[in-house]
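J.: I have a structure here, written as structure tokens, and I will follow up with some questions on it.
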Amino acid sequence: MRSLEIIGEAVKNLPAEFRASHPEVAWRPMAQMRDRLIHSYFGVDYQLVWDVVFEKIPELKRSIQRIIDSQQA
Numbered sequence: 045m046r047s048l049e050i051i052g053e054a055v056k057n058l059p060a061e062f063r064a065s066h067p068e069v070a071w072r073p074m075a076q077m078r079d080r081l082i083h084s085y086f087g088v089d090y091q092l093v094w095d096v097v098f099e100k101i102p103e104l105k106r107s108i109q110r111i112i113d114s115q116q117a
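When the sequence shown is numbered by my numbering, its final residue is 117 and no position is left out of the sequence of numbers.
Written out as structure tokens, the structure reads:
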């Protein structure tokens, strides 16, 4: 779960222009997940964490790789 917190914190530190130029990435939900985990609003939904790790993180990895590839082209 700590890794999800770090991802969310990193997202918050990306320039708004960068996030706006890549709307295909769900930036806001990542930051919101970080807030929920850090502050444990109403407890942690472990099923949600599981789904994020096994469904959303692979999607995020592919999206970030496409962004990196486009910057190197």
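Quick reminder that beta carbons are idealized off the backbone N, C-alpha and C, glycines included.
#1: Pick from ALA117, ILE111, TRP94 and ILE112: whose alpha carbon is nearest that of SER47?
#2: Could you spell out the range, first to last residue, of the alpha helix (DSSP H) harbouring GLU61?
#3: Could you work out which residue in SER114, GLN116 and ALA70 is closest to ILE51 when comparing CA atoms only?
#4: Helix, strand or coil, according to DSSP, for ASP89 in the structure here?
#5: By DSSP, does GLU68 sit in helix, in strand, or in coil?
#6: Taking the Cβ atom as the reference point for each residue, do ILE82 and GLU61 lie within a distance shorter than 8 Å?
T.: Result, derived from the coordinates:
#1: TRP94
#2: 60 to 65
#3: ALA70
#4: coil
#5: coil
#6: no
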